[in-house]
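So the structure is just underneath, and the comments pick up after that.
There are 2 protein chains.
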Amino acid sequence: MPRINGQRLLDDLKTLRAYGATGNGVVRTSLTDIDIESRNWLAERMKEAGLAVTIDGIGNVIGRSPASGPALLMGSHTDTQPEGGWLDGAMGVIYGLEVARALSEDPKTAGLGVDVASWMDEEGTFGICMGSRSFLGQVPDGEIARAKDVDGRGMAESLAKAGYAGRPRDRLDPKRNPGYLEAHIEQGGHLENSGKRIGVVTAIVGIRTFRLAFEGAQNHAGTTPMPIRKDAGMALVRLAYRIDEAFEAIKGERTVWTMGRIALHPGSHSIVPGFADMFLQFRDPDEGRMERFEAAFRALVAEANAAGPVAISIEPKGEKITPTPMDEALQAHIAAAAEADAPGNWIHMPSGAGHDAMIIGDEIPVSMLFVPSIGGVSHDFSEDTAEDDIILGCQVCADAAARIVRGWKGGG
Amino acid sequence: MPRINGQRLLDDLKTLRAYGATGNGVVRTSLTDIDIESRNWLAERMKEAGLAVTIDGIGNVIGRSPASGPALLMGSHTDTQPEGGWLDGAMGVIYGLEVARALSEDPKTAGLGVDVASWMDEEGTFGICMGSRSFLGQVPDGEIARAKDVDGRGMAESLAKAGYAGRPRDRLDPKRNPGYLEAHIEQGGHLENSGKRIGVVTAIVGIRTFRLAFEGAQNHAGTTPMPIRKDAGMALVRLAYRIDEAFEAIKGERTVWTMGRIALHPGSHSIVPGFADMFLQFRDPDEGRMERFEAAFRALVAEANAAGPVAISIEPKGEKITPTPMDEALQAHIAAAAEADAPGNWIHMPSGAGHDAMIIGDEIPVSMLFVPSIGGVSHDFSEDTAEDDIILGCQVCADAAARIVRGWKGGG
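First to last, the sequence lines map onto chains A and Y.
When you number the first sequence by this note's numbering, it's gap-free, plus one each residue, and the end is 414.
When you number the second sequence by this note's numbering, it's gap-free, plus one each residue, and the end is 414.
Rendered as structure tokens:
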């Protein structure tokens, strides 16, 4: 089995952090000057590792192994949130680089190919997973031409400034890359709470989000008797309570649901609200359960509408994301590697957040590995992972990569 | 029994509306130029009715009857909300004027005194019921000196501009005025819904308002499992639901409760809220029931705090207003007058909103009479009452005033 170089891994991660560092965190949003500098640095490090490197027309940095035959595609993203953590995305990319180096340095694994990618804009500065979607042919030129960040900065202009505009955009070749492995920090507290060090991801959960609007009648809170009120706020409270109760009864082990936004109009302590709205979001790794959740809350809304007196409407918001199951064979290799490197110290778990693997999974088998997030924190400067866990995660990836590619080559 | 002049009553109301008219509604907030003009007009109309008129140091307009012996004090306010209805307040003042005229014009009632008042600023432009409180000696000079409207306009400067500053402030003499009658639009839909034309008010309800704050922990809605969440928003929904349930079980015939403001922080559809707050207000004519309501919701908060994981705190907001019972003897006279003028067409009912009568009730017996509000609307330009109802209400007041003053004089 290949041995990774933990010090080299940490050094590269810290060098990458320096591009946009703010304390322990990083500000390196897509296609800013500092992001482009970091891509050029990454491309150089890939070349030093013996990979053939392209920065394509959308800014994806892709390093391809010189080994013949199928190569495991590994990667994640190096762009960050406006106030990002240093490992979110970056760790998965540098893992790919270190695994490629470790395999090539060991004569027993030098023939096993690993390609490494940093996908542009996973954090959504310009759009949804622009880089990985482009790699699957899902981003027409017009979408890039129209894409702007919240400040009105255009993606096309930013690509031109970086010198990437006009370059061809790389496209996935499933024959060359029959599988994908993305390592990532967990972004939650499940590993930490369970005392385990490695998560073998079973699925990326599906997400459905709805806006519920309540149309009642605004009235004086002192002079409007209870029986004739059409209180949009109380209708919301009652429905939210019943949805929570219903979901509790049919939840799976990993279901989460959130009503994170509630607004009453006009929002005064002595006025009966005439209008209210709320957002309901739920996530689950199982599409059948997602269907049951949607049916359950729609039934409660229908029941409330039949009872009156407030009229409730449902509007789906954003994309309906179908759960992405991780490939069973790839999971088995990662689990075997985890058991070898951290016996008893790993678990199967779903990913509650979305990742590029969700996109890549449209065409080839995909897999993910998680390491613990300290305090479950992410999308914050204070996001962090213990160095031992960072190193262990990479070692498991290296072992898994060797097992996976050997399997493809019939040497498994 | 005296006969009022319905046409003169309506003419006066419409002339008063012209001061600040906006369509059917009025903008005549306290101590604006148009409010001062309307007070000067009102003082002139009172003089023409044979009353001795004072506009005092806080702008109260008070017209006193030339009749000897005790006089019924009648009144309300002529200032309006920023977007006010034409009858809210104004009707009660012009009723007093018309009743004083009607009694003085009929030789059989000419000896029965009615004093008429327009109390400054019932609508709270500068403070809480400034005029009626001043009349009871409850407003120190310093409060006037500090009082400002939302735009920073000072009450003292406005009084000086009007020429009222430096005048003495009138003070209630309970010997001269052993009772008070305030007529008002209902500001709710109870009369209209019950098909009755006159409400004899039994009490002005008490009001208690509380802010409840929920301290949880903000988290990622995708990666934070349900069992470890500290969701401030769901804690709010559950408590609000249980308060509503508990209040429903112990409510009186006239209890109202309102949770008109709810806010979640940060208020995003994919973030578990770390903080939430809401306002709870309840009103009832019975102080004992108010106590039971407060005890019930405090018990639910204590129970929720014991269960955790979200910490809930309670903060009383604004003034705790004790219910003001209307005087039984005055009610009986008004009821007798209502039965004479509108047999079977009147009811007893509480007032859900506050009025100057609440203040005057601190020193002398008080009473109120309601006429229907079309559609239950008030504090809106569209507020209105059928002209027949306006005239009927004034006739009942005239009859009631005659009965009340005769009673005091031993002639009843």
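We put the beta carbon where it would ideally sit given N, CA and C, even for glycine.
(request) Take L53 of chain A and list the residues in its own chain whose beta-carbon comes closer than 7 Å to its own, dropping the five residues that flank it on each side. (result) As a first step, residue 53 of chain A must be located in the first sequence, where it is residue number 51. So the list reads G65, R66, S67, A102, V118, once near-sequence residues are dropped.
(request) Go through the segment 166-227 of chain A residue by residue and report every complete run of the beta strand (DSSP E) that reaches 3 residues or more, in order. (result) 182-187, 200-206, 208-217
(message) Determine whether the beta carbon atoms of D286 of chain Y and V258 of chain Y lie at a separation below 9 Å.
(response) Position 284 of the second sequence holds residue 286 of chain Y. Position 256 of the second sequence holds residue 258 of chain Y. If you check the CB distance, D286 of chain Y and V258 of chain Y come in under 9 Å.
(message) Taking beta-carbon pairs under 9 Å, can you tell me which members of the segment 290-315 of chain Y lie near chain A?
(response) none
(request) Consult DSSP for K110 of chain A and reduce its assignment to one of helix, strand or coil. (result) As a position in the first sequence, residue 110 of chain A is number 108, starting the count at 1. Three-state DSSP puts K110 of chain A in coil, outside helix and strand.
(request) Using a Cβ-Cβ cut-off of less than 9 Å, give me the residues of the segment 169-195 of chain A that come near chain Y, in sequence order. (result) E188, Q189, G190, G191, H192, N195
(message) Please give me, in chain order, every unbroken run of the alpha helix (DSSP H) with length at least 4 that falls completely inside the segment 42-116 of chain Y.
(response) 92-107
(request) Excluding the 5 residues preceding and the 5 following G320 of chain Y in the sequence, name in chain order all residues of the same chain whose CB lies nearer than 6 Å to its CB. (result) By 1-based counting over the second sequence, the position of residue 320 of chain Y is 318. These residues qualify, in order along the chain: T211.
(request) Check distances from the C-beta atoms of the segment 257-281 of chain Y to those of chain A and list, in chain order, the residues that come in under 7 Å. (result) V258, T260, M261, G262, R263, I264, L266, G269, S270, H271, S272, I273, V274, P275, F281
(message) Are the CB atoms of L238 of chain Y and A278 of chain Y within a distance shorter than 9 Å?
(response) Counting from 1 along the second sequence, the entry for residue 278 of chain Y is found at position 276. Counting from 1 along the second sequence, the entry for residue 238 of chain Y is found at position 236. Yes; because the gap between Cβ atoms is below 9 Å, this pair is in contact.
(request) Report the residue from Y:S70, Y:S78, Y:A73, Y:P72 whose alpha carbon sits nearest the alpha carbon of N62 of chain Y. (result) One-based indexing of the second sequence puts residue 62 of chain Y at position 60. Answer by Cα proximity: Y:S78.
(request) Counting only the same chain and skipping the five closest in sequence on each side, list residues whose C-beta sits under 6 Å from that of G144 of chain Y. (result) As a working note, residue 144 of chain Y is residue 142 in the second sequence. Closer than 6 Å at Cβ, skipping near neighbours: no residue.
(request) Consult DSSP for D279 of chain Y and reduce its assignment to one of helix, strand or coil. (result) In the second sequence, counting from the first residue as 1, residue 279 of chain Y sits at position 277. In this structure, D279 of chain Y counts as strand in the three-state DSSP scheme.
(message) Once the 5 residues before and after L11 of chain A are set aside, which same chain residues still bring their CB inside 8 Å of it?
(response) Start at 1 with the first residue of the first sequence, and residue 11 of chain A comes out as number 9. Within the same chain, L11 of chain A has close Cβ partners I96, Y97, E100, I392, I393, C396.
(message) For a cutoff of 9 Å on Cβ pairs, would you count M228 of chain Y as touching chain A?
(response) Here residue 228 of chain Y refers to the residue found at position 226 when the second sequence is read from its first residue. For M228 of chain Y, the answer is yes, since a Cβ of chain A falls inside 9 Å of its Cβ.
(message) With a threshold of 9 Å between beta-carbons, can K198 of chain Y be considered close to chain A, or not?
(response) To locate residue 198 of chain Y, count along the second sequence from 1; it is residue 196. So, not an interface residue.
(request) For T260 of chain Y, name the three-state secondary structure that DSSP assigns. (result) Reading the second sequence from its first residue, position 258 is the one you call residue 260 of chain Y. Note: T260 of chain Y maps to strand in three-state DSSP.
(request) Find the residues of chain A that neighbour R240 of chain Y, judging by a C-beta separation of less than 8 Å, and give them in chain order. (result) Your numbering for residue 240 of chain Y matches position 238 in the second sequence. Near R240 of chain Y (Cβ distances below 8 Å), the residues of chain A are Y243, D246.
(message) Distance check for I323 of chain Y and S380 of chain A, CA to CA, integer angstroms please.
(response) Translated into the one-based positions of the first sequence, residue 380 of chain A becomes position 378. Translated into the one-based positions of the second sequence, residue 323 of chain Y becomes position 321. If you take the alpha carbons of S380 of chain A and I323 of chain Y, they lie about 48 Å apart.
(request) Could you tell me the boundaries of the alpha helix (DSSP H) in which S160 of chain A lies? (result) Start at 1 with the first residue of the first sequence, and residue 160 of chain A comes out as number 158. 157-164 is the extent of the alpha helix (DSSP H) around S160 of chain A.
(request) Could you check the C-alpha separation between F1 of chain Y and G115 of chain Y for me, to the nearest Å? (result) Not covered by the structure: residue 1 of chain Y. The range shown for chain Y is 3 to 414.
(message) I need the straight-line Cα distance from K49 of chain A to N42 of chain A, nearest angstrom please.
(response) What you label residue 49 of chain A is simply residue 47 of the first sequence in a count that begins at 1. What you label residue 42 of chain A is simply residue 40 of the first sequence in a count that begins at 1. K49 of chain A and N42 of chain A: Cα-Cα distance of roughly 11 Å.
(message) On the criterion of 16 or more Cβ atoms from any shown chain inside 10 Å, does V152 of chain Y qualify as buried, or is it exposed?
(response) Counted from its first residue, the second sequence places residue 152 of chain Y at position 150. By the neighbour-count rule (16 or more Cβ atoms within 10 Å), V152 of chain Y is not buried but exposed.
(message) Relative to the C-alpha of R291 of chain A, which candidate in A:I252, A:A265, A:M76, A:S272 has its C-alpha closest?
(response) Here residue 291 of chain A refers to the residue found at position 289 of the first sequence. Comparing Cα-Cα distances from R291 of chain A to each of A:I252, A:A265, A:M76, A:S272, the minimum goes to A:I252.
(request) For S384 of chain A, decide whether its Cβ has a neighbour in chain Y, counting only Cβ atoms nearer than 9 Å. (result) Counting from one through the first sequence, the residue named residue 384 of chain A turns up at place 382. No - not a single Cβ of chain Y is within 9 Å of the one on S384 of chain A.
(request) Within the segment 232-260 of chain Y, note down every full alpha helix (DSSP H) run reaching 4 residues or more, in order along the chain. (result) 234-252
(request) Spell out whether any CB of chain Y is found under 9 Å from the CB atom of H79 of chain A. (result) Walking along the first sequence from the start, residue 79 of chain A turns up at place 77. Closer than 9 Å: no.
(request) List the residues of chain Y that K319 of chain A touches, going by C-beta distances under 8 Å, in chain order. (result) As a first step, residue 319 of chain A must be located in the first sequence, where it is residue number 317. Listed along chain Y are H271, each with a C-beta nearer than 8 Å to that of K319 of chain A.
(request) In angstroms with no decimal places, state the Cα-to-Cα distance between N195 of chain Y and A340 of chain Y. (result) Translated into the one-based positions of the second sequence, residue 195 of chain Y becomes position 193. Translated into the one-based positions of the second sequence, residue 340 of chain Y becomes position 338. In a straight line, the C-alpha of N195 of chain Y is about 19 Å away from that of A340 of chain Y.
(request) Could you check the C-alpha separation between F299 of chain A and I245 of chain A for me, to the nearest Å? (result) Numbered from its first residue, the first sequence carries residue 299 of chain A at position 297. Numbered from its first residue, the first sequence carries residue 245 of chain A at position 243. Distance between the alpha carbons of F299 of chain A and I245 of chain A is about 6 Å.
(request) Measure the alpha-carbon distance for M351 of chain A versus V203 of chain A and round it to whole angstroms. (result) Locating residue 351 of chain A in the first sequence gives position 349, where the first residue counts as 1. Locating residue 203 of chain A in the first sequence gives position 201, where the first residue counts as 1. Rounded to whole angstroms, M351 of chain A to V203 of chain A spans 5 Å at the Cα level.
(request) Give the single residue among A:P227, A:Q283, A:K232 whose Cα lies nearest to the Cα of R256 of chain Y. (result) Here residue 256 of chain Y is taken as the residue at index 254 of the second sequence, counted from 1. Taking only the C-alpha atoms, the option nearest R256 of chain Y is A:P227.
(request) Look up M360 of chain Y in the DSSP assignment and say whether it is helix, strand or coil. (result) The residue given as residue 360 of chain Y occupies position 358 in the second sequence. M360 of chain Y falls in the helix class under three-state DSSP.
(message) What does DSSP give as the partner residue(s) for H267 of chain A in the beta ladder?
(response) Looking up residue 267 of chain A in the first sequence gives position 265. For H267 of chain A, which the question treats as bridged, DSSP gives the partners A:F277.
(request) Measure the Cβ-Cβ separation of A304 of chain Y and V312 of chain Y and say whether it is below 9 Å. (result) Reading the second sequence from its first residue, position 302 is the one you call residue 304 of chain Y. Reading the second sequence from its first residue, position 310 is the one you call residue 312 of chain Y. Going by C-beta atoms, A304 of chain Y is not nearer than 9 Å to V312 of chain Y.
(request) Answer yes or no: does any C-beta atom of chain Y fall closer than 9 Å to that of A215 of chain A? (result) Against the first sequence, residue 215 of chain A aligns to sequence position 213. No, A215 of chain A lies away from the interface with chain Y (no Cβ there is under 9 Å from its Cβ).
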